[in-house]
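With the sequence shown counted from 1, adding 15 to any position gets you our numbering. Glycine residues also receive a C-beta, built at the ideal position from the N, C-alpha and C atoms. One structure is given here, and the rest of the page talks about it.
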Amino acid sequence: MLIDSHGRKITYLRVSITDRCNLRCFYCSSKDSFAKLPAEEILSYEELYRVIQAAVSVGIKRIRLTGGEPLVRKDFVSFIANLAKIPGLEDLALTTNGLLLASLAESLKKAGLRRVNISLDTLDRERYKEICGVDALDEVLSGIKKALEVGFSPVKINMVIMRGINDDEVVEMARLTLEEPLEVRFIEFMPIGTGASWEENLFIPIAETEKKLKEAFGKLLPAPKIGAGPAKVFSLPGAKGSIGFISAISNHFCNKCNRLRLTPEGRLRLCLFSDEEIDLKPSLREDSSEKALKEAFIKAVAKKPSQRSLDLFPRRLMRSIGG
Numbered sequence: 016m017l018i019d020s021h022g023r024k025i026t027y028l029r030v031s032i033t034d035r036c037n038l039r040c041f042y043c044s045s046k047d048s049f050a051k052l053p054a055e056e057i058l059s060y061e062e063l064y065r066v067i068q069a070a071v072s073v074g075i076k077r078i079r080l081t082g083g084e085p086l087v088r089k090d091f092v093s094f095i096a097n098l099a100k101i102p103g104l105e106d107l108a109l110t111t112n113g114l115l116l117a118s119l120a121e122s123l124k125k126a127g128l129r130r131v132n133i134s135l136d137t138l139d140r141e142r143y144k145e146i147c148g149v150d151a152l153d154e155v156l157s158g159i160k161k162a163l164e165v166g167f168s169p170v171k172i173n174m175v176i177m178r179g180i181n182d183d184e185v186v187e188m189a190r191l192t193l194e195e196p197l198e199v200r201f202i203e204f205m206p207i208g209t210g211a212s213w214e215e216n217l218f219i220p221i222a223e224t225e226k227k228l229k230e231a232f233g234k235l236l237p238a239p240k241i242g243a244g245p246a247k248v249f250s251l252p253g254a255k256g257s258i259g260f261i262s263a264i265s266n267h268f269c270n271k272c273n274r275l276r277l278t279p280e281g282r283l284r285l286c287l288f289s290d291e292e293i294d295l296k297p298s299l300r301e302d303s304s305e306k307a308l309k310e311a312f313i314k315a316v317a318k319k320p321s322q323r324s325l326d327l328f329p330r331r332l333m334r335s336i337g338g
């Protein structure tokens, strides 16, 4: 079991398997540069498997695969199938932008993937293109539909709320839960990466979004929470699905933090809002022993900060962290 110096059990590892992405969302990548990591720097599937296997052996129970966009990496379904067989791994989930999900959802489900989160900030086609740099809303909606059809549960939609950009759509997005068993999660805009666009005027505290939904739907009913994330979950009266609120900025949840992050090139990141990292590459490519990897996780947990600081915004772009 991994317990940090502040008494928190660390059971959740978010693994960014690539910094490549088929979108160009302005808040995730720099508008000026889309420099990619050299291919040799990115961990191979074999190396990722060894890291995850070691993590599970010391107490990690839940794995979420992120990017970049995980589905652009070749042979991803086979990788999922291998991970799903690791003894002691209780949950294997994916965060995706959904563009390639319709064609892969069934295979991923059969391979052992349990849950899927899909990033979707707008239901308006032109607005989607403005935010993401690609005209691909139909593909994402098809991916969501297919994920439901093949039996993923829950299927979560991640919506980053930005004032003057998509905040007028929160009611419409919440309405999706009335007819489908989706969990729509409203997420505060976060200052990640100096190359990314952090404009304070875009920030909306989650309380404002919650108030808007209460005005539209009335009382929000407490709902069961599925997964290891920080969302506070509710449902609309008569809804088949639920809504969640993630207040990473206005009301942080550091005292309950249960996670570490692994970057595509093999660095354990102790906190999303910190640039402090522990490089696992020496343990993978020089020492190559499972013992060294286990010790790296124990060391990382011991150094995990009590809470995040926004005094210095993280330099990494979100697509190279995995969110």
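Buried/exposed call for residue i, threshold 16 Cβ in 10 Å
i	result
T209	Here the model assigns T209 a pLDDT of 42, short of 50, so the residue's position is not dependable, and the following value carries that caveat. Exposed is the call here.
D34	buried
N181	buried
G103	exposed
D136	buried
E398	This structure cannot settle anything about residue 398, because the visible part of the chain is limited to 16 through 338.
S303	exposed
P297	exposed
A311	buried
I219	buried
N270	exposed
Residue i versus the options, residue with shortest Cα-Cα distance
i	options	result
A54	P279, F94, L285 and L115	P279
I57	S289, D294 and S304	D294
A222	A162, N270, N216 and K247	K247
A254	P245, S265, G233 and R274	G233
I18	N37, N132, L275 and L308	L275
A315	R300, E301 and L277	L277
A231	P239, P237, N266 and L251	L251
Neighbourhood of residue i by C-beta, 6 Å cutoff - its chain only, sequence neighbours within 5 removed
i	result
A263	E203 and M205
R300	none
R39	G148
Beta-bridge partners of residue i, as assigned by DSSP
i	result
F201	M174 and F260
P237	F249
A254	Paired residue(s): none; A254 is not in a bridge.
V10	The first residue shown for the chain is 16 and the last is 338, placing residue 10 beyond what the model contains.
V131	L109 and V170
D294	R282
Cβ shell of residue i (< 7 Å), same chain only, five flanking positions each side left out
i	result
E187	L138
V185	I176, F201, T224, K227 and L228
H21	S321
M16	K24 and G74
Proximal residues to residue i (C-beta, below 8 Å), its chain only, five neighbours per side dropped
i	result
N273	R23, K24, I25, T26, Y27 and A243
G127	I95, A96, L98, A99, K100 and L107
- Message: With three or more beta-carbon pairs closer than 8 Å as the criterion, would you say the segment 178–196 touches the segment 251–270?
- Response: Because the criterion of three Cβ pairs below 8 Å is met, the segment 178–196 and the segment 251–270 touch.
- Touch test, the segment 158–173 against the segment 103–118, Cβ-Cβ under 8 Å, three pairs minimum: Taking 8 Å as the limit for Cβ pairs, the verdict is that the segment 103–118 does touch the segment 158–173.
- Message: Under 8 Å: do the segment 84–99 and the segment 118–129 share three or more Cβ pairs, one atom per stretch?
- Response: Flag = yes, the segment 84–99 and the segment 118–129 touch.
- At least 3 beta-carbon pairs within less than 8 Å: the segment 72–86 vs the segment 23–30: Counting Cβ pairs under 8 Å, three or more are found: they touch.
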